[in-house]
Structures are given as C-alpha cells and as structure tokens.
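Heads up: the structure comes next, in structure tokens.
Residue numbers (our numbering): 16 to 151.
Rendered as structure tokens:
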C-alpha cells in the first residue's frame, strides 16, 4: 500500500453479471464490494463474522454514504482500500475504490456500524480490541 492512511486493501475484478443495462456496474454492487472489503479486513485481523456471532457480537450498519465518481465495466480490475476510526460506539470505515490500471477514483464511501450484543446496543469493545492497531 503506497498511501499510508489505508490499513487494508484487496483487489477485485468486475464480473459480467454485476452490470446493468447500460453496461456499467449496477450501483447496488458497490455495496457488495465495500462489504467484501470490510469482511476481508476483519478476517485479516483475526476474526470472522461467524466468530463474532459465536461471541454474541453482531456488527450492523447504521449509515452508508457513497459518492460515485467513475463507472466500472466488465473485466475492470480495481482495488478497494479502507481505514477505520472509532467514534463512541460506532466504527466508521472510510473506503475508496480505484481502477487498478489508472488509479482513477471510482467510489468514495463512509460506512458506519454499531455492535449489538443480545439484541442490545453494545459499545463494541471486543471489536475495538481486535482493531486497536488500526483505529484512529
């Protein structure tokens, strides 16, 4: 990773079934790309969503903001990057997608999540411990 603000990245490629009638990635699929990146970040830091559930902690999204900048098309390769901060009980993921060949910005997003424990809002201290070396 060349940009030091990011703490995790993964490369992906657009698949044909992700396109809409205009031949570009359907906007809903960007949510999948962002989620896939967050899941990978969790696993890279030693915890899967299944393990979170086993521990009784369920992270849920409470806000998503996306700026669509440049469309992706079939076969495009791109890199999804993120950094994370903690604001009270929320974990705020700052995520960006870039075309691999040009570095052009595709999407910029801010995704907030909170943790539930036994169906109630939890401070998320277990995740904070897992993410501690990356939190700002």
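In this text, a Cβ means the ideal position worked out from N, Cα and C, and glycines have one as well.
Nonlocal neighbours in the same chain, by C-beta distance under 6 Å from residue 112, ignoring five residues either side: One-based indexing of the chain shown puts residue 112 at position 97. Closer than 6 Å at Cβ, skipping near neighbours: 93, 95, 121 and 122.
Closer than 8 Å to chain C by CB, residue 148: Of the chains in the structure shown, none is chain C; there is only one protein chain.
Per-residue burial, residue 45 [other beta carbons within 10 Å of its own, 16 or more giving buried]: On the chain shown, position 30 is the one that residue 45 refers to. Buried, because 16 or more other Cβ atoms sit within 10 Å of the Cβ of residue 45.
Ranges of the beta strand (DSSP E) found wholly within the segment 16-76, counting only runs of at least 3: 23-28
C-alpha distance - residue 28 paired with residue 91, whole-angstrom precision: By 1-based counting over the chain shown, the position of residue 28 is 13. By 1-based counting over the chain shown, the position of residue 91 is 76. If I take the Cα positions, the gap works out to 6 Å.
Whole-angstrom distance between residue 108 and residue 16, CA atom to CA atom: Position 1 of the chain shown, counted from the start, is the residue given in the question as residue 16. Position 93 of the chain shown, counted from the start, is the residue given in the question as residue 108. With a pLDDT of 49 at residue 16, under the threshold of 50, the modelled position of that residue is not reliable, and the figure given next carries that caveat. About 17 Å.
Burial state of residue 97 (16 or more Cβ within 10 Å): Start at 1 with the first residue of the chain shown, and residue 97 comes out as number 82. Counting Cβ neighbours within 10 Å, residue 97 comes out buried, since at least 16 surround it.
Nearest-angstrom Cα separation, counted from residue 128 out to residue 77: Translated into the one-based positions of the chain shown, residue 77 becomes position 62. Translated into the one-based positions of the chain shown, residue 128 becomes position 113. The alpha-carbon atoms of residue 77 and residue 128 are separated by roughly 5 Å.
Unbroken beta strand (DSSP E) run spanning residue 119, endpoints: Walking along the chain shown from the start, residue 119 turns up at place 104. Neither: residue 119 is in no beta strand (DSSP E) and is coded neither H nor E.
Simplified DSSP state of residue 142, which is helix, strand or coil: Residue 142 sits at position 127 when you count from the first residue of the chain shown. Reduced to three states, the DSSP call for residue 142 is helix.
Residues bridged to residue 135 (per DSSP): Taking the first residue of the chain shown as 1, we reach residue 135 at position 120. Note: residue 135 sits in a beta bridge opposite 132.
Cut-off 6 Å between Cβ atoms - residues of its own chain near residue 73, not counting five sequence neighbours on either side: Numbered from 1 along the chain shown, position 58 holds the residue referred to as residue 73. So the qualifying residues of the chain are 131.
Environment of residue 52 [buried if 16+ CB atoms lie within 10 Å]: Position 37 of the chain shown, counting from 1, holds the residue named residue 52. Residue 52 should be labelled buried.
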